[in-house]
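**Q** All letters in the sequence shown, in the order written, are residues 98 to 418 by this note's numbering.
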Amino acid sequence: MAVVIPGLKMVIESESYMDAMHAVLTNKGWMTMPKYRLAGMTAAAFRFTVNRRLTPESPTAYNWVAENFLAADFIGVTAGSDAGFRFDAVFPLYREHAIAQIKRAIDSGIGAIVWKDRFVVAAGYDDERQSLFISNGVSEELEELPYGSFGMNASPYWYYQVLGNRIELDPMEIYRESLMQAIHKWETHDPMLPEADYACGRSAYDAIINALRNRNYDRDGMRTVTRAYAAAKRDIRRYMETLELCWPQLKRAASHYASVELSFREAARLAALDNELTEEANRKLIRLFAIAAQSEQSAIDVIKSFMRETIHIRKHDIALR
98 MAVVIPGLKM VIESESYMDA MHAVLTNKGW MTMPKYRLAG MTAAAFRFTV NRRLTPESPT
158 AYNWVAENFL AADFIGVTAG SDAGFRFDAV FPLYREHAIA QIKRAIDSGI GAIVWKDRFV
218 VAAGYDDERQ SLFISNGVSE ELEELPYGSF GMNASPYWYY QVLGNRIELD PMEIYRESLM
278 QAIHKWETHD PMLPEADYAC GRSAYDAIIN ALRNRNYDRD GMRTVTRAYA AAKRDIRRYM
338 ETLELCWPQL KRAASHYASV ELSFREAARL AALDNELTEE ANRKLIRLFA IAAQSEQSAI
398 DVIKSFMRET IHIRKHDIAL R
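1) Given L105, which residues of its chain have a CB within under 6 Å of its CB, disregarding the five upstream and five downstream residues?
2) So, do the stretch 167 to 174 and the stretch 261 to 273 have three or more beta carbon pairs nearer to each other than 8 Å?
3) Short check: CB of K132 to CB of S111, under 7 Å?
4) Residues in the same chain with beta-carbon distance under 7 Å from G248, minus the five sequence neighbours each way, listed in chain order, please.
5) Tell me which residues share the same chain as A364 and place their Cβ nearer than 6 Å to its Cβ, disregarding the 5 neighbours each side in the sequence.
6) Output yes or no for whether 7 Å exceeds the beta carbon distance between T157 and C297.
7) Within the chosen definition, does the stretch 394 to 405 reach the stretch 350 to 358 through at least 3 CB pairs nearer than 8 Å?
8) Are the beta-carbon atoms belonging to A304 and R149 less than 7 Å from one another?
9) According to DSSP, is N262 part of a helix, a strand, or is it coil?
10) For A99, does the count of other Cβ atoms within 10 angstroms reach 16, so buried, or fall short, so exposed?
11) Count the other CB atoms, across all protein chains shown, that sit within 10 Å of the CB of S252; report buried if there are 16 or more and exposed otherwise.
12) So, with DSSP's three-state summary, where would you put P243?
13) Between the alpha carbons of T375 and I306, how many angstroms are there, rounded?
14) Have a look at F403, A327 and L340 and flag the residue whose alpha-carbon is nearest the alpha-carbon of A389.
15) Spatial neighbours of L122 within its chain, please: C-beta separation below 6 Å, excluding the five flanking residues on both sides.
16) Check the DSSP bridge columns for W212 and list the partner residues they point to.
17) Of the choices A368, L347, W344 and R334, whose alpha-carbon is the least far from that of L359?
18) Just to confirm, is the Cβ distance from S232 to V218 under 7 Å?
19) Tell me the residue span of the alpha helix (DSSP H) that contains D317.
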């Protein structure tokens with residue numbers, strides 16, 4: 098007999114893990130806030146990583162287990178997850194365990210987050226059909242994923258996350274912590290990624306501009322990168338406008354992020370136009386990213402000024418929670 102969580106449906110808007118997480122949280126009744134607020138509160142929107150050739154995996158090049166655990170932790174939600182490679186000899190055992198955990202979550206009324214060449218939501222299962230039912234944000238109908246196909250993705254990775262319980266946290270403290278994380282992600286390279294191949298935060302802009310100047314980038318990846326980060330910068334702008342209502346001192350930061358969003362929106366439009374960028378379009382993209390880089394640095398400077406006391410207390414490790 099099929100077990101399906103009523104009303105659990107993912108909508109692609111943030112082009113990231115946030116789409117899946119927000120679907121699960123809102124369906125469970127643990128969140129009524131819009132998705133951009135979740136993206137800001139978890140600091141996920143502030144993650145900015147690119148492969149130096151702008152390859153398509155850039156927006157998802159991070160430690161899923163650690164970072165997605167923190168995303169839940171920041172908002173007071175417990176989470177359990179596992180991940181690995183499908184070519185491991187013991188993968189069939191991991192798959193069996195993963196499916197059992199996903200089914201247990203669904204039985205408790207909480208959808209699970211699964212990697213199926215993007216983050217999607219497991220909204221149900223049917224043991225007779227030996228399948229999970231997936232909401233992928235593209236199809237209106239749930240997609241059937243046979244148990245035996247779990248983890249068999251175009252990329253060699255498998256991953257799932259199940260959310261456990263929730264406690265109420267002070268929203269103002271969540272907002273403050275998200276600002277600290279924003280500074281950290283802007284100034285720090287992800288230690289999991291080789292710097293020869295990837296750039297993070299402020300350095301990501303330099304990598305994008307260098308790739309465009311040298312014409313050394315993946316064309317499809319360029320579309321994916323600009324589209325995903327245009328969504329992220331839009332979410333940040335909306336989030337900062339929310340925080341501005343709490344702290345008027347952040348008004349200039351919100352204004353700077355509005356400029357960043359405009360640059361990325363135009364960059365995404367240009368990147369989607371043709372298979373090959375013209376010289377004029379290439380030059381315009383370089384200008385847009387240079388403007389965005391300066392605007393985002395200005396926004397971070399405002400945030401750092403606002404958070405200076407906390408920064409001083411945590412000066413030895415700004416990411417310390």
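In this text, a Cβ means the ideal position worked out from N, Cα and C, and glycines have one as well.
Note that the structure is predicted; figures quoted are calculated from it, not measured.
**A** To lay it out plainly:
1) Only N124, G208 and A220 meet the Cβ criterion.
2) Flag = yes, the stretch 167 to 174 and the stretch 261 to 273 touch.
3) Yes, they are a contact pair.
4) Within the same chain, and ignoring the five residues on either side of G248 in sequence, the residues whose Cβ sits closer than 7 Å to its Cβ are R183, F188, R192 and W255.
5) For A364, where only same-chain residues beyond five positions count, the Cβ hits under 6 Å are T323, L382 and L385.
6) Taking 7 Å as the Cβ cut-off, T157 and C297 do not qualify as a contacting pair.
7) Yes: at least three Cβ pairs fall under 8 Å.
8) Yes.
9) If DSSP states are grouped into helix, strand and coil, N262 belongs with the strands.
10) Classification of A99: exposed, given that the 10 Å Cβ count is below 16.
11) S252 counts as exposed, since fewer than 16 other beta carbons sit within 10 angstroms of its beta carbon.
12) Here P243 sits in strand by DSSP.
13) Near 15 Å, if we compare the C-alpha coordinates of I306 and T375.
14) Comparing Cα-Cα distances from A389 to each of F403, A327 and L340, the minimum goes to A327.
15) If we look at L122 and ignore the five residues flanking it on each side, its Cβ neighbours are M128.
16) Answer is F216.
17) Ranking the options by Cα distance to L359, first place goes to R334.
18) By the CB criterion at 7 Å, S232 and V218 fall inside the cutoff.
19) In this chain, the alpha helix (DSSP H) harbouring D317 covers R316 to C343.
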